[in-house]
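In this text, residue positions in the sequence shown follow the numbering used here: the first is 2, and each later residue adds one.
Here a beta-carbon is modelled for each residue, glycine too, at the ideal position from N, C-alpha and C.
Written out below as structure tokens is the structure these notes cover.
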Amino acid sequence: MTSEDKHSRLEQFVADSLAALGAVMEQIDYSLWEVLLPAEMTQRRTSPLLLTFDAEVAQERPDAIFATYGSEFLDQLVHLVLDRYQVLVLYYPHDNVSVPENFDTMLQQQFHFIKCRKPEIQDQHLVLMKDALFMFRTEFESDLRIEEAMPVLIRGDGLPLPEVRDAYQKVLWTPRREESSCMTTPVEPCIELAALYSAALLQMERRIEHRRHILQQESSAAYQNERQRMEEYYEAALNDIDKRLSREEAADKLARLKARRESVQMDRERRLADLETSYSITTDQRIDHLRLYYVPRVRVRLNIQHRQLQVQATVYFNVVTPRFDPMRCAQCGNPAFSVSWHSDQWTGSCCAL
């Protein structure tokens, strides 16, 4: 993801979060927003909040808050949002956390390191990783209104994990850390919750677009039939007026017929626009709740020979699934099991040259 994409995602996260909290955000200048907070959030502030996502604007406007990853404002906003919604923190409960005997075989079967020799395991360690399950409520509205639950699971480093949620549902997680056998296991570094939310939003946009395409296909036949009937009706009406115009000679009647034709044409355009609007699908999504899973994984560091180079890779064996998680494509961030070494990074087959 480019820095521009990250910047846009951060703006979207802040805008969505403030809207969820009841605040109003309005742009008043280049990269400068005025935020009107609800009464319960204003405390002693009487004037609107000024907000910017641009470092240069922040220097020019010291009265504006600079919202960026790691800023105090963003941390406070995340906590406010989490206080508003239901958040569950869950720990893996089982005592037996072990690596299967066919560990090395599973590694060979799941991953394909293109134009590389068989990877050698350098070391392996049991770690905990924090996975975030964002449960969105999404509304699709056209002539009908459909509400669907859309879960998005993101690993603590930002990797989407669309295939493992069912396995998580089969585990009786515990909300009490002291009941977890993994409470002394070291925790892997995790990106900020705002960045996890940004990654979840990206996945949501793709899923929403896919679902909207399906819904539009389902309603396409009805739309085309109704449009055809409407077109035939107005075409007949306009043809009738045109015939009368060709026969009429009186100036006053010609003027009335021309006005009538213009009125029918305008009504046709308006009705067709209304029809298209009624069949177009608008969407709205919001977080219903969030679950944070502390998942035991085996972090495996690999030495791999790529042509004349010795390169490294890190993969994670998920104890819950139990399978290896995919790697993360360095270019697009999507999960990948087939990867190639390119420009000093692992690139998935999704972005292969």
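**Asked** Is Gln204 helix, strand or coil by DSSP?
**Response** helix
**Prompt:** Considering only residues of the stretch 307 to 340, which uninterrupted beta strand (DSSP E) runs meet the minimum length of 3 residues and lie entirely inside it, listed in chain order?
**Reply:** 310 to 319
**Message:** Is it the case that the stretch 119 to 139 contacts the stretch 270 to 283, given that we only count it when at least three CB pairs across the two stretches are under 8 Å?
**Reply:** no
**Prompt:** Do Ala196 and Val321 have their CB atoms nearer than 8 Å?
**Reply:** no
**Asked** Going by the beta-carbon positions, is the gap between Gly334 and Gly159 smaller than 8 Å?
**Response** yes
**Message:** Tell me the residue span of the beta strand (DSSP E) that contains Asp30.
**Reply:** Val25 to Asp30
**Asked** Who does Phe137 pair with in a DSSP beta bridge?
**Response** Met151 and Ile288
**Item:** Other residues of its chain near Ala59: CB distance less than 7 Å, five sequence neighbours each side excluded
**Value:** Thr53, Ala65 and Phe67
**Asked** Short check: CB of Phe318 to CB of Phe112, under 8 Å?
**Response** no
**Asked** So, helix, strand or coil for Arg45, using DSSP?
**Response** Legend: pLDDT at Arg45 = 48, less than 50; position of this residue unreliable, value from coordinates given subsequently. Coil.
**Request:** Sort Gln286, Asp17 and Arg300 by Cα distance to Val82 and report the nearest one.
**Result:** Asp17
**Met2 in three-state terms, based on DSSP** = Confidence at Met2 is low in this model, with a pLDDT of 47, below 50, so its placement is unreliable and no value can be given for it.
**Item:** For Tyr258, the first and last residue of its enclosing alpha helix (DSSP H)
**Value:** For clarity, residue 258 is Leu in the given sequence; the question names Tyr instead. First-last of the alpha helix (DSSP H) with Leu258: Ala252 to Tyr280.
**Spatial distance of Leu134 from Asp289 (CA atoms)** = 11 Å
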